[in-house]
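Asks: Using my numbering, you'd call the opening residue of the sequence shown number 284 and step up by one each time.
The C-beta atom is built at its ideal place from N, Cα and C for all residues, glycine as well.
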Amino acid sequence: MLVLGIESSCDETAAAIVNDKKEILGEALLSQEEHKAFGGVVPEIAARSHLEHIDGILEQCFAKTGLELSDIDAVAAASGPGLIGGVIVGVMTAKALAVASNKPFVAVNHLEGHALAARISNDVEFPYLLLLVSGGHCQILVVKDVDQYERLGTTIDDAAGEAFDKVAKMLGLGYPGGPAVEKLAVAGNEQRFTLPRPLIGSNDCNLSFSGLKTAVRKIIETYAPDGNLAHADIPAHDVADICACFQYTATDCLCRKLKKAVTYFKQAYPQGKHLVVSGGVASNTYLRAKLKNLADENGLVFAAPPIRFCTDNGVMIAWAGLERFRKGLVSPLDFKPRPRWPLDTSAPKAAGAGGVKA
Ligand code: KG4
Ligand code: ZN
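(1) Tell me the DSSP secondary structure of residue 439 in three-state form.
(2) Between residue 465 and residue 596, what straight-line distance do the alpha-carbon atoms span, to the nearest angstrom?
(3) Determine the closest residue to residue 312 out of 379, 592, 480 and 451, with distance taken between C-alpha atoms.
(4) Flag this pair as touching only if the segment 322-334 and the segment 397-412 have three or more C-beta atom pairs under 8 Å; answer yes or no.
(5) Specify the secondary structure class of residue 495 as computed by DSSP and reduced to three states.
(6) In whole angstroms, what separates the C-alpha of residue 605 from that of residue 475?
(7) If you compare alpha carbons, which of 544, 554 and 302 is closest to residue 574?
(8) Are there any heavy atoms of the ligand KG4 lying less than 7 Å away from the beta-carbon of residue 417, as far as the coordinates show?
(9) Is it true that the CB of residue 523 sits closer than 8 Å to the CB of residue 467?
(10) Are the beta-carbon atoms belonging to residue 478 and residue 540 less than 8 Å from one another?
(11) Across which residues does DSSP place residue 421 in a beta bridge pair?
(12) Going by DSSP in three states, residue 522 sits in which element: helix, strand or coil?
(13) Report buried or exposed for residue 546, applying the criterion of at least 16 other Cβ atoms within 10 angstroms of its Cβ.
(14) So, do the segment 387-401 and the segment 362-369 have three or more beta carbon pairs nearer to each other than 8 Å?
(15) In whole angstroms, what is the alpha-carbon distance linking residue 301 and residue 308?
(16) Mind checking residue 431: buried by the 16 CB within 10 Å criterion, or exposed?
(17) Buried or exposed, going by whether 16 or more other CB atoms sit within 10 Å of the CB of residue 469?
(18) Looking at the secondary structure, which residues open and close the alpha helix (DSSP H) in which residue 286 lies?
(19) Is residue 340 closer than 8 Å to residue 296 when the C-beta atoms are compared?
(20) Should residue 483 go down as buried or exposed, given a rule of 16 or more other Cβ atoms within 10 Å for buried?
(21) So residue 564 packs on residue 447, CB below 8 Å; how close in whole Å?
(22) With a 10 Å radius around its C-beta and 16 neighbouring C-beta atoms as the bar for buried, classify residue 360 as buried or exposed.
(23) Whole angstroms are fine: how far does the CA of residue 380 sit from the CA of residue 386?
(24) Give a yes or no on whether the C-beta atoms belonging to residue 608 and residue 428 are separated by under 8 Å.
(25) Where do the N-terminal and C-terminal ends of the alpha helix (DSSP H) with residue 388 fall, by residue?
(26) Hey, out of 520, 485, 488 and 453, whose CA is closest to residue 510's CA?
(27) For residue 650, I'd like the list of residues in its chain whose CB is within less than 6 Å of its CB, leaving aside the five on either flank, ordered along the chain.
(28) Our contact map puts residue 442 next to residue 420 with C-beta atoms below 8 Å; I'd like the distance itself, whole angstroms only.
(29) Is the distance from the Cβ of residue 584 to the Cβ of residue 556 below 8 Å?
(30) State yes or no: is the C-beta of residue 325 nearer than 7 Å to some heavy atom of the ligand KG4?
(31) Just to confirm my understanding: we take residue 496, look at its own chain, exclude 5 residues before and 5 after, and list those with CB closer than 6 Å. What are they?
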């Protein structure tokens, strides 16, 4: 069974071909550099770039595989949530390829791509507890099965990656900010500034990062005599301390809420074994280490996709497409791309969709 997957929901144009033995037969990815000058992704620039590069990415993905489109069993695309111009490019391309080859189209929720990514390289069985942390999302979920999610908590304002990006922007570290903050934090003193932990006392699994980001802004303002952050003159070791304190506090907020979720998960799903982290922020090695400790202390097995499958990529969409396809979860050709698409709501299924033998 071979599935082609296309990702174009943010600033990566990517495609991959995977099979049901978890082998990656073809893969291509282009990270758009055009946004760096703006300190964040510009939706129209992203959409135009996807349009310009999608054909070349597909050619690259097939090159050297010896495969033709006719060898593919289903064509999947990240069909939301995301920046709608880019999502439309991927969905229209996937539908066109599906129609041309008379194969099913599979609409994949981009978040399901992140959620199932750990199953490609790790032996993670359902149900598992998932921390999904990316630039646009921050959620704690139980992954009960493909297409079956129980959401335990979510951010009420900024996503974790968004907070990393905003802190990096205030410090003039460029976009994306997460990797830059992580790198500088290594040399910093994480106890120097005490930062707020919004919602930490609430008896639920929700998170909030907005107040934390504002507290960082206030610290940076003390280095800018005219109050303009762009004029802040911060010694390098202070930048490192700010990065370390922010990373420490954001990670602590995530771990504390996850601890609550672990208690619930172990009681409600006693057969569950894994604690999984995924999404772009899951590339952060400091966070991964803290989550591994949390899993160890609570008798769970920690799993995370390899770093290259944490940030957006085509493999996770092809894999989620394959997992859906083999359950018969294919999509109608009139499926409308969805700018918003909570993971705990299902995609419309194609009429007559039934199970497919693996
Ligand atoms: O999953 P992703 O590629 O795109 C979305 O679906 O949003 O995640 C991108 C986010 C960005 O906010 C980026 O700053 C963050 O992931 N990120 C990191 C690290 N690498 C990427 N955040 C913290 N530490 C990192 N090492
Ligand atoms: Zn993503």
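Replies: Put simply:
(1) Residue 439 carries a coil assignment under DSSP once its states are collapsed to helix, strand and coil.
(2) Going by the C-alpha atoms only, they are around 21 Å apart.
(3) That would be 592, whose Cα lies nearest to the Cα of residue 312.
(4) Counting Cβ pairs under 8 Å, fewer than three are found: no touch.
(5) In this structure, residue 495 counts as helix in the three-state DSSP scheme.
(6) Those two C-alpha atoms are separated by around 47 Å.
(7) Out of 544, 554 and 302, the CA that lies nearest to the CA of residue 574 is found in 544.
(8) The answer is yes for residue 417.
(9) Their beta carbons are under 8 Å apart, which means residue 467 touches residue 523 by this criterion.
(10) Taking 8 Å as the Cβ cut-off, residue 478 and residue 540 do not qualify as a contacting pair.
(11) Listed as beta-bridge partners of residue 421 by DSSP are 416.
(12) It is helical.
(13) It counts as exposed.
(14) As far as the Cβ criterion goes, the segment 387-401 touches the segment 362-369, which means the pair count is three or higher.
(15) Rounded to whole angstroms, residue 301 to residue 308 spans 6 Å at the Cα level.
(16) With fewer than 16 other CB atoms across the displayed protein chains lying within 10 angstroms of its CB, residue 431 is exposed.
(17) Looking at its Cβ environment, which holds fewer than 16 other Cβ atoms inside 10 Å, residue 469 is exposed.
(18) For residue 286, there is no enclosing alpha helix (DSSP H); the enclosing beta strand (DSSP E) covers residues 285-290.
(19) In contact: residue 296 and residue 340 (Cβ atoms closer than 8 Å).
(20) Counting the other CB atoms within 10 Å of its CB gives residue 483 a total below 16, which places it among the exposed residues.
(21) Indeed, because the Cβ distance is near 7 Å, the residues count as touching under 8 Å.
(22) When all chains shown are included, residue 360 counts as buried.
(23) Cα to Cα, the separation comes out at about 8 Å.
(24) No, these two residues do not count as a Cβ contact at 8 Å.
(25) First-last for residue 388: 388-391, but that is the beta strand (DSSP E), not the alpha helix (DSSP H).
(26) With distances taken between Cα atoms, residue 510 lies closest to 453.
(27) Lying outside 284 to 641, the shown extent of the chain, residue 650 is not represented and no answer is given.
(28) Taking 8 Å as the upper bound for CB-CB distance, residue 442 and residue 420 are in contact here, some 5 Å apart.
(29) A contact, by the Cβ cut-off of 8 Å.
(30) Closer than 7 Å to some heavy atom of the ligand KG4: that does not describe the Cβ of residue 325.
(31) 446 and 449.
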